[in-house]
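The listed protein sequences correspond, in order, to chains A, B, C and D.
Letter 86 of the first sequence, counting from 1, is numbered 86 in my numbering, and no numbers are missing.
Each number in my numbering comes from the position in the second sequence (counting from 1) with 1000 added on.
Each number in my numbering comes from the position in the third sequence (counting from 1) with 2000 added on.
Each number in my numbering comes from the position in the fourth sequence (counting from 1) with 3000 added on.
Notes follow the structure.
4 protein chains.
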Amino acid sequence: MPRPADRRAKTELLRAAEAVFVERGLAAAKVEDITGRAGVSKGAFYLHFESKDDCWRQIVEAFLARMSGCLRIPDPKGMPTLEVICNQLDEWLAHDIEMFEFTWQNRALLGMLLAGGGGAPYGYLVDQFAEQVGRKLQAWAQMLIDAGIYRDDVDPALLTALISGGYDRMAREVIKQSKRPDLASWCRQAQQFFLRASFTDEARAIIDRGVRSGLSPRAEAADLGQLAERSG
Amino acid sequence: MPRPADRRAKTELLRAAEAVFVERGLAAAKVEDITGRAGVSKGAFYLHFESKDDCWRQIVEAFLARMSGCLRIPDPKGMPTLEVICNQLDEWLAHDIEMFEFTWQNRALLGMLLAGGGGAPYGYLVDQFAEQVGRKLQAWAQMLIDAGIYRDDVDPALLTALISGGYDRMAREVIKQSKRPDLASWCRQAQQFFLRASFTDEARAIIDRGVRSGLSPRAEAADLGQLAERSG
Amino acid sequence: MPRPADRRAKTELLRAAEAVFVERGLAAAKVEDITGRAGVSKGAFYLHFESKDDCWRQIVEAFLARMSGCLRIPDPKGMPTLEVICNQLDEWLAHDIEMFEFTWQNRALLGMLLAGGGGAPYGYLVDQFAEQVGRKLQAWAQMLIDAGIYRDDVDPALLTALISGGYDRMAREVIKQSKRPDLASWCRQAQQFFLRASFTDEARAIIDRGVRSGLSPRAEAADLGQLAERSG
Amino acid sequence: MPRPADRRAKTELLRAAEAVFVERGLAAAKVEDITGRAGVSKGAFYLHFESKDDCWRQIVEAFLARMSGCLRIPDPKGMPTLEVICNQLDEWLAHDIEMFEFTWQNRALLGMLLAGGGGAPYGYLVDQFAEQVGRKLQAWAQMLIDAGIYRDDVDPALLTALISGGYDRMAREVIKQSKRPDLASWCRQAQQFFLRASFTDEARAIIDRGVRSGLSPRAEAADLGQLAERSG
DNA sequence: GATGAATGAGCCTTCATTCAT
DNA sequence: CATGAATGAAGGCTCATTCAT
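What follows is the structure in structure tokens.
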């Protein structure tokens, strides 16, 4: 039965456990590997965790909590206008980069979680989380379609999948690099890539014009306003 | 003469083993689970495999071989013209659907292989294969960029990642469905999605015009020829 | 359940089994090794033997029977006289050589049987046999002591042990040689060795004299008769 | 602090293992038998030994080490005289009894080791040891022959075999007894037995005279000196 | 609290034995 | 009769968990 015990030890154990779980897989990870790497005794492990399984659950929960804290998908108020979207593009880009940074930092664990089936219990926690995020993104997609900003000839579920899948793979590519690549540049390219693929020609034309003319999105308000009205 | 080795047994064992490995992970999979599911004795397992590990290796190798056989990425001859590409769009779509079908059929195993690290040996086989495919796709991307068909403001490596990642996620979405979705439709939408994202405006305009006018791609030869000349 | 079956196969199996049992030990010997070496199928084994154990029993029994047939220790009629003994020395030597030849031929199996404890069942068969032989030899020793031919200051049991132990070790030495040594010579030396050790000085003196004078033992009848009378 | 490793446990395990190995043979011995007899858990076995095989190796090595420590065969300085030998006879007898005691104590294991081939690995360790001892004894035999103390009409190799074989069998006889026999008496008889068999008549005559006259060997110095000179 | 020696359930693998062909 | 594929009990070894110190 776990007792309060040394907080520092628990941190070390969690860090070590994550590494070992990722390297070996859940079943093949030995408690002794974990305690050895954490520099504590085998008994200490059971001061902090009920079992190996419990340790894994804590890791998953903690990770999802951190991830939740990092991810900020606002609930859109009312119907978004192209103007609003346009103003948010840079914000979103910044958020993308941030999320991407986080994703990268936790790539190994995330990969294991995304693998899903691999014998890991508590996968339902991940599924819950993913579904939650997926629903949010899909709701946004639907709204943007309704607003005439996203094209209406593509299934919102498919569209969400294509975009998030693309970002997912991008992350995997990134960590294969020996040196940390220019994340900001990659994120910007990806945003443009998906913008071209998803936006209606009209919305895209306006955005493009703004970008080309060097004006900040906010300065395009007039034009955007017009479009937004039509798409309402 | 004794009864000849039951060839069906090995097939059953491989099928069962794949399922168990996917469900439980390599280390947590019990040989007894496998033989039980295959409807043979525990000893029979060792008539066909040297060890549990060997069984896994055979599964991986067989899968990659089947996958290789299914995947046909031609080495482009010379610089492709938009005309050629345009004519191939439908072929590629058909191939996409086929590959997608395969991917779907083997989704569980593929997920495990892609997970990578999870303690599974022989991951290097998958890595080799993936890298090989990735290089081919990237070569195509580069060529299309050089031909003026793909935009030149996106890193070919990133572009490849975004597209294949999208398809990857799409597959995962598909298998979550309770009923088999309309794969052909989804593939068509995805092709258009990535076409919009990747093609230059000029190439896209020509393609779009052909599609809208209801003409078969081949009928657009004249226009395409003009574009191809410019982009050569 | 064993059926009559091919006699030739059984011979091959017994030969192979003996070799494998000796090489690997009873428990570590695999039926497949035996059948493989015999050039028959695994099933054939069970046409001739009830079990691996049964096979071992048959080998032991057959060997002991052959050994019994080879070993001829006469029941002495009445009290032996030195004359009789003297006449028999050459006969015994011939028999020693013969037995030694047999022992050598079957050295490997015999070694295993003598090892006793080594987990081999049916050891009681060997013990029975050895005890039987031992009793016979000891009875002879007692008789020779009573006849004044063997010294009376040595325990007959010990004397028997020292002599048969010596021959036992001699056999082991012999098979270590790369070339077959001169068994007859060794047997003669051993006989003389134990004769010196066991015979009373008086009996020895007479024997020695006979040997030195080049007379055949039989020619010494007179002298020996005298001695025998005294020792009666 | 945890309880320190139970040193008694390893001792118990070794003792139990030796018994089980001897009773069942190496392959048929079950680890569970060993731990059961030692009164510890199965897992405890693997705290002390790498494997069942490793346990056997440790037993063999430890035994040979103890045996080496017990066995003291001096390298003779110069050519031994009968006087020296005579003075040593009692010493040797004492050493014989001591070695015999040891041999008896470890009879079971020794029997298994001497069995050799029976599938037991590390037999080479025993062979090495036996050969080493054999060479020493043979060197002594050769020297005694050169000194005119041992007869020259017997092959030293054979002589060594006959003597050590005799002692070997004697040991086997001893442990068959239900009660511990009078080892000292048996050893004395055996020494006399082999002395009669090996010594030249002259050497034997001198020794015998000393023994019969009740004088201590040392008191025979004069006579022995004479003989030694002649045989030098 | 901390430690690591001890425990024993569980799993991979072997191989004697059976039996369909 | 002969064969060798199939069976499954048995046993070596691992490692999560406990607990005496």
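Note that CB positions come from ideal geometry on N, CA and C, so glycine has one too.
Here the structure is a predicted model, which means the values were calculated and not measured.
### Message
Give me the chain A residues within the contact set of B/Met1099, using Cβ-Cβ distance strictly less than 9 Å, ordered along the chain.
### Response
One-based indexing of the second sequence puts residue 1099 of chain B at position 99. Under the 9 Å cutoff, chain A gives no residues; its nearest Cβ is about 15 Å from B/Met1099.
### Message
Tell me the DSSP secondary structure of D/Phe3049 in three-state form.
### Response
Residue 3049 of chain D sits at position 49 when you count from the first residue of the fourth sequence. Coil.
### Task
Tell me A/Tyr150's beta-bridge partners as DSSP assigns them.
Translated into the one-based positions of the first sequence, residue 150 of chain A becomes position 150. BP columns for A/Tyr150 point to A/Phe199.
### Message
For C/Thr2011 and C/Gly2039, I'd like the C-alpha separation in whole angstroms.
### Response
Here residue 2011 of chain C is taken as the residue at index 11 of the third sequence, counted from 1. Here residue 2039 of chain C is taken as the residue at index 39 of the third sequence, counted from 1. Rounded to the nearest angstrom, the two C-alpha atoms are 12 Å apart.
### Query
Is there contact between the stretch 2186-2204 of chain C and the stretch 2162-2178 of chain C, where contact requires at least three CB pairs shorter than 8 Å?
yes
### Message
Is there a Cβ of chain B sitting closer than 8 Å to that of A/Arg196, yes or no?
### Response
Here residue 196 of chain A refers to the residue found at position 196 when the first sequence is read from its first residue. With 8 Å as the cut-off, A/Arg196 counts as an interface residue toward chain B.
### Query
For the stretch 39-63 of chain A, which residues have a beta carbon sitting closer than 7 Å to at least one beta carbon of chain B?
none
### Task
Would you please verify whether the beta carbon of A/Met79 is less than 8 Å from any beta carbon of chain B?
Taking the first sequence and counting its residues from 1, one reaches residue 79 of chain A at position 79. No, A/Met79 lies away from the interface with chain B (no Cβ there is under 8 Å from its Cβ).
#### Entry: Cβ-based neighbour list, D/Leu3125, same chain, cut-off 7 Å, excluding 5 preceding and 5 following
Numbered from its first residue, the fourth sequence carries residue 3125 of chain D at position 125. Here the set comprises Val3060, Glu3061 and Leu3064.
### Task
Specify whether the stretch 3094-3105 of chain D and the stretch 3030-3047 of chain D touch according to this definition: at least 3 beta carbon pairs, one from each stretch, less than 8 Å apart.
no
### Query
Are the C-beta atoms of D/Met3067 and some chain C residue less than 8 Å apart?
Translated into positions along the fourth sequence, residue 3067 of chain D becomes position 67. No, no contact with chain C.
### Query
Whose C-alpha, out of B/Gly1148, B/Met1112, B/Lys1136 and B/Ile1085, is nearest the C-alpha of B/Gln1191?
To locate residue 1191 of chain B, count along the second sequence from 1; it is residue 191. B/Gln1191 has its Cα closest to that of B/Ile1085, out of B/Gly1148, B/Met1112, B/Lys1136 and B/Ile1085.
### Task
Report yes or no: is there a C-beta of chain A within less than 8 Å of the C-beta of B/Asp1090?
For the purposes of this step, residue 1090 of chain B is identified with residue 90 of the second sequence, where counting begins at 1. Judged by the 8 Å Cβ criterion, B/Asp1090 is not in contact with chain A.
### Message
Closest to B/Glu1091 by C-alpha separation, out of B/Arg1072, B/Ala1108 and B/Thr1160, would be which residue?
### Response
Taking the first residue of the second sequence as 1, we reach residue 1091 of chain B at position 91. For the residues B/Arg1072, B/Ala1108 and B/Thr1160, the minimum Cα distance to B/Glu1091 belongs to B/Arg1072.
### Task
Pick helix, strand or coil for D/Lys3030, following the three-state DSSP scheme.
Locating residue 3030 of chain D in the fourth sequence gives position 30, where the first residue counts as 1. In the structure shown, D/Lys3030 sits in coil (DSSP, three-state: anything other than H, G, I, E or B).
### Query
Rounded to a whole number of angstroms, what is the C-alpha to C-alpha distance between D/Phe3129 and D/Ala3139?
Translated into the one-based positions of the fourth sequence, residue 3129 of chain D becomes position 129. Translated into the one-based positions of the fourth sequence, residue 3139 of chain D becomes position 139. Their Cα atoms are separated by approximately 16 Å.
### Message
Let me confirm a value: B/Pro1074 is counted as buried when at least 16 other C-beta atoms fall within 10 Å, else exposed. Which label applies?
### Response
One-based indexing of the second sequence puts residue 1074 of chain B at position 74. Classification for B/Pro1074: exposed.
#### Entry: C/Arg2024: first and last residue of the uninterrupted alpha helix (DSSP H) it sits in
If you number the third sequence from 1, residue 2024 of chain C lands on position 24. Unbroken alpha helix (DSSP H) run through C/Arg2024: Arg2007 to Arg2024.
### Query
What are the boundary residues of the alpha helix (DSSP H) that includes A/Val84?
What you label residue 84 of chain A is simply residue 84 of the first sequence in a count that begins at 1. Looking at the DSSP string, the run of the alpha helix (DSSP H) that includes A/Val84 is Leu82 to Gln105.
### Query
CB-CB under 7 Å to D/Lys3042, same chain, minus the five flanking residues each way: which ones, in chain order?
As a working mapping, residue 3042 of chain D is identified with position 42 in the fourth sequence. These residues qualify, in order along the chain: Val3031, Glu3032 and Thr3035.
### Query
DSSP three-state call for C/Leu2071: helix, strand or coil?
Here the question's residue 2071 of chain C lines up with position 71 in the third sequence. Looking at C/Leu2071 - three-state DSSP - the assignment turns out to be coil, as it is neither helix nor strand.
### Query
Name the chain B residues that come within less than 9 Å of A/Leu189, Cβ to Cβ?
Looking up residue 189 of chain A in the first sequence gives position 189. Reading off the sequence, residue 189 of chain A comes out as Gln, not Leu. Neighbours of A/Gln189 on chain B, chain order: Asp1153, Val1154, Asp1155, Leu1158, Leu1159 and Leu1162.
### Message
So that I know if they touch, is there some Cβ in chain A lying closer than 8 Å to that of B/Gly1123?
### Response
For the purposes of this step, residue 1123 of chain B is taken as residue 123 along the second sequence, with counting starting at 1. It does not: the Cβ of B/Gly1123 has no partner Cβ on chain A nearer than 8 Å.
### Task
Give the straight-line distance between the Cα atoms of D/Ala3108 and D/Ala3027, rounded to the nearest whole angstrom.
Taking the fourth sequence and counting its residues from 1, one reaches residue 3108 of chain D at position 108. Taking the fourth sequence and counting its residues from 1, one reaches residue 3027 of chain D at position 27. Annotation: D/Ala3108 to D/Ala3027 spans about 17 Å, alpha carbon to alpha carbon.
### Message
According to DSSP, is D/Ser3185 part of a helix, a strand, or is it coil?
### Response
Stepping through the fourth sequence from its first residue, residue 3185 of chain D is reached at position 185. Here D/Ser3185 sits in helix by DSSP.
### Task
Assuming C/Ile2145 contacts C/Asp2152 (C-beta within less than 8 Å), just tell me the rounded distance between them.
By one-based count along the third sequence, residue 2145 of chain C stands at place 145. By one-based count along the third sequence, residue 2152 of chain C stands at place 152. Contact holds; Cβ gap of about 5 Å.
#### Entry: Assumed close pair D/Gly3166, C/Gly2134 - CB separation to whole angstroms, cut-off 8 Å
Within the fourth sequence, numbered from 1, the residue matching residue 3166 of chain D stands at position 166. Within the third sequence, numbered from 1, the residue matching residue 2134 of chain C stands at position 134. Contact between D/Gly3166 and C/Gly2134 fails: their C-beta atoms lie close to 15 Å from each other, not under 8 Å.
### Message
For a contact defined as C-beta to C-beta under 8 Å, what are the partners of D/Trp2955 on chain C?
### Response
Since the first residue shown for chain D is 3001 and the last is 3232, residue 2955 of chain D is missing from the structure and cannot be characterised.
### Task
Pick out whichever of D/Gln3105, D/Pro3181, D/Trp3056 and D/His3048 has its Cα sitting closest to the Cα of D/Arg3008.
If you number the fourth sequence from 1, residue 3008 of chain D lands on position 8. Out of D/Gln3105, D/Pro3181, D/Trp3056 and D/His3048, D/His3048 has the C-alpha closest to the C-alpha of D/Arg3008.
### Query
Are the CB atoms of A/Asp53 and A/Pro121 nearer to each other than 8 Å?
On the first sequence, position 53 is the one that residue 53 of chain A refers to. On the first sequence, position 121 is the one that residue 121 of chain A refers to. Yes; because the gap between Cβ atoms is below 8 Å, this pair is in contact.
### Query
Under 8 Å Cβ-Cβ, which residues of chain B neighbour A/Asp168?
Position 168 of the first sequence, counting from 1, holds the residue named residue 168 of chain A. Within 8 Å Cβ-Cβ: Gly1165, Asp1168 and Arg1169.
### Query
Pick from D/Leu3113, D/Gln3105, D/Gly3111 and D/Arg3196: whose alpha carbon is nearest that of D/Leu3159?
Taking the fourth sequence and counting its residues from 1, the one referred to as residue 3159 of chain D is at position 159. Cα-wise, what sits closest to D/Leu3159 is D/Arg3196.
#### Entry: Beta-carbon gap between A/Met112 and A/Val20 smaller than 8 Å
Here residue 112 of chain A corresponds to residue number 112 of the first sequence, with the count starting at 1. Here residue 20 of chain A corresponds to residue number 20 of the first sequence, with the count starting at 1. Contact flag unset, no.
### Minimum Cβ-Cβ distance from D/Tyr3150 to chain C less than 8 Å
Translated into positions along the fourth sequence, residue 3150 of chain D becomes position 150. It does not: the Cβ of D/Tyr3150 has no partner Cβ on chain C nearer than 8 Å.
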